[in-house]
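Asker: Protein chains in written order, with the working numbering: chain A, 2 to 304; chain B, 2 to 167.
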Amino acid sequence: MKNTRTYLLGLTLLCLFACVHASAQQNPDFVAAFNYVNLKQADSARARIDKAIKDSAVAKEAQSWYVRGFIYKFYYTSKEVTNQSSPARAEALRSLRKALSMLPDTSRELRSSILANMKFIAAKYHNDAAKSLDTSNYQLPIRNFGMYMEIMKQIEPGMNLKPAEIEFNLALSTIYTSLYQANPKTRTNILEMDKEALNKVLKLDPNSVTANYNMGILYYNQAVYLINNSDFDTPLTSLSGIQDNQVQLFRQSLPFTEKAYELDPKKAETLQALSGIYFGLNEYDKSKLFQEKLDELKKQNQH
Amino acid sequence: MGFLIFSAFQQREDAAVMNAHQKAIFLYNFTKLIDWPADYKSGNFVIGIYGSYIPLLNELSKMASTKTAGAQKFEIKEVGAIEAAAKYHILFVSSDKMAQFADITSKLKGHGTLLVTEKEGMTKKGSAINFVVVENKIKFQLSKANAEKQQLKVSRDLEAFAVKEE
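(1) Once you ignore the five residues that flank S87 (chain A) on each side, which residues in its own chain have a CB closer than 7 Å to its CB?
(2) With 16 other CB atoms within 10 Å as the buried threshold, where does H127 (chain A) fall?
(3) Looking only at its chain, what residues have a beta carbon closer than 7 Å to the beta carbon of V38 (chain A), apart from the 5 residues adjacent to it on each side?
(4) Taking 7 Å as the CB-CB cut-off, is V134 (chain B) touching chain A?
(5) Count the other CB atoms within 10 Å of the CB of Y285 (chain A); is the residue buried (16 or more) or exposed (fewer)?
(6) Between I122 (chain A) and chain B, is there a C-beta pair that is closer than 7 Å?
(7) So which of A:V225, A:V202, A:K120 has the shortest CA-CA distance to M150 (chain A)?
(8) What's the call for T32 (chain B), buried or exposed, on a 16-neighbour Cβ count within 10 Å?
(9) Hey, A58 (chain A) and S24 (chain A): beta-carbon distance below 7 Å or not?
(10) Please list, in chain order, the chain A residues whose beta carbon lies closer than 8 Å to that of A129 (chain B).
(11) Looking only at its chain, what residues have a beta carbon closer than 7 Å to the beta carbon of D195 (chain A), apart from the 5 residues adjacent to it on each side?
(12) Work out the CA separation of S156 (chain B) and I35 (chain B) for me, nearest whole Å.
(13) Does the beta carbon of H90 (chain B) sit closer than 7 Å to a beta carbon anywhere in chain A?
(14) Give me the DSSP bridge partner(s) of L143 (chain B).
(15) Are there 16 or more other CB atoms within 10 angstroms of the CB of M64 (chain B), so buried, or fewer, so exposed?
(16) So which residues of chain A does V18 (chain B) contact, with C-beta pairs closer than 7 Å?
(17) Which term fits N208 (chain A), buried or exposed, when burial requires 16 or more other beta carbons within 10 angstroms of its beta carbon?
(18) Between which two residues does the beta strand (DSSP E) carrying E76 (chain B) extend?
(19) Give the residues of chain B in contact with Q42 (chain A), contact being defined as C-beta atoms less than 7 Å apart.
(20) Please go through the same chain and pick out, in chain order, the residues whose beta-carbon is closer than 7 Å to the beta-carbon of A43 (chain A), but skip the five residues on each side of it.
(21) Is the beta carbon of I83 (chain B) less than 7 Å from the beta carbon of I55 (chain B)?
(22) Assess, as a yes-or-no matter, whether the stretch 284 to 300 of chain A is touched by the stretch 21 to 31 of chain B under the definition of 3 or more beta carbon pairs within less than 8 Å.
(23) Distance, Cα to Cα, P29 (chain A) vs S65 (chain A)?
(24) At the level of alpha carbons, what is the spacing between P38 (chain B) and Q152 (chain B)?
(25) Just to confirm, are I91 (chain B) and I48 (chain B) a CB contact at a threshold of 7 Å?
(26) T238 (chain A) lies in the alpha helix (DSSP H); which residues open and close that run?
(27) Would you say M123 (chain B) reaches chain A, if we count a Cβ-Cβ gap shorter than 7 Å as a contact?
(28) Residues in the same chain with beta-carbon distance under 8 Å from L311 (chain A), minus the five sequence neighbours each way, listed in chain order, please.
(29) To the nearest whole angstrom, what separates the beta carbons of A269 (chain A) and K299 (chain A), a pair I think is in contact under 8 Å?
(30) Nearest-angstrom Cα distance between Y214 (chain A) and N147 (chain B)?
(31) What is the DSSP secondary structure of N215 (chain A), counted as helix, strand or coil?
(32) Are the beta-carbon atoms of L100 (chain A) and I115 (chain A) separated by less than 7 Å?
(33) Establish whether the CB of F10 (chain B) and some CB of chain A are separated by less than 7 Å.
(34) Just list the residues that DSSP pairs F46 (chain B) with in beta bridges.
(35) Per DSSP, F71 (chain A) forms a beta bridge with which residues?
(36) Quick check: is the beta carbon of L205 (chain A) nearer than 7 Å to any beta carbon in chain B?
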């Protein structure tokens, strides 16, 4: 396996060197950078390519920037692959983009190599976002996922990125929900971010059962929290205002939860949620109706 | 590599608890806005629940652990049967016990007990406070006459918050 990788790297280097312009091939730092990649000395390779690119004869060639991008990608995979805000990866992308912008339309082969490298980097941004998205860290994954989307839109403009965007925003909403529920009193801004993430999903796919259901539950939980966290000595004047807000939230919850039910009438959680919403609205007959549907569903599932 | 997605949901019981919590807030307010007879101003402040209403029992027990009615400690009782000699400051009669309501009013007639119900028309049958739903919200009807029959003085503030019976 290791031998195969070494062979492939050697072959890639050979192709890379063959594709560069003669003026670059004559630059000693440029040549040395290649040798260092071959020797797997990422630090030295990076230092020499940076020195070489200062030569205007080297810098004017798209191929040189491609090589620089390749070397930075090599540096990233050798030294910074676990660093989710890797500067080398960002630099590799910058160089590859520069190479792409300088490339004449006729250079199909080189274009395809640049795009393949950019795609590799995009995949790494995506994987990093997926790996690290949790309640203690969501800002960096948002940035990394944004990078993934940006690169993919550039290199494959016709690609349907909706599923990835939906998946990411649903996952993000999950994180926001956990953060909000841990401290609903002080994290109302997180709740708004949660709704924003779900709204993005619903804009992309209005028929998403998960997004409709989760949005309904956000409003539902907000309504329940409002009353349950009111102190027993809340004066009647204040209680009346809280009740007004609570009813409004339950009503806001309804269209989303009803839509989730319409899309998937056999989802037990939705039936339970609808029963809860109507209970909260003090419409006990409707609440009972959904509870009965839920009981019926449970019976069917047992058989 | 994919992202982890799940649905967060609080159980329906939360809505039932929420409903009971509101009623507990109302009941606590009643203790401040109603004046009980002198012989009810010492000892514990007793709130009885007649009928099965676990969420309210739990909420009132929580209230009792942190609040008092003036200088009196709260005592929350789940009532199995109404005794004529029993002393309750407030008796909440749940909707499943409405058939016995006439018997309750007769046994507690003249006691300093605030009778609280939650069924349409109960103030006409002797209840002083009756929870009702108005525009999806829990409100209460008040019968000042029924309260006075139980030697209770209702404040004007409480009257102002009560909804009129149709």
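Where a beta carbon is used, it is the ideal one built from N, C-alpha and C, also for glycine.
Answerer: Reading from the atomic positions:
(1) Y77, E81
(2) buried
(3) L14, A46, I72, F75
(4) yes
(5) exposed
(6) no
(7) A:K120
(8) buried
(9) yes
(10) None at all; the shortest Cβ gap to chain A is about 16 Å.
(11) S174, Y177, T178, Y181, L219
(12) 6 Å
(13) no
(14) B:I130
(15) buried
(16) N229
(17) exposed
(18) 73 to 80
(19) Those within 7 Å of Q42 (chain A) in chain B number zero; the least Cβ separation is about 30 Å.
(20) F75, Y76, S79, K80
(21) no
(22) no
(23) 13 Å
(24) 6 Å
(25) yes
(26) 237 to 264
(27) no
(28) Here chain A comprises residues numbered 2 to 304, so residue 311 (chain A) is not present and cannot be evaluated.
(29) 7 Å
(30) 47 Å
(31) helix
(32) Correcting the residue type first, residue 100 (chain A) is Ala in the shown sequence and not Leu. Contact: yes.
(33) Note on F10 (chain B): pLDDT 48, under 50, position unreliable in the model; the coordinate value appears next. F10 (chain B) counts as touching chain A.
(34) B:F75
(35) Answer is none; F71 (chain A) lacks a bridge partner.
(36) no
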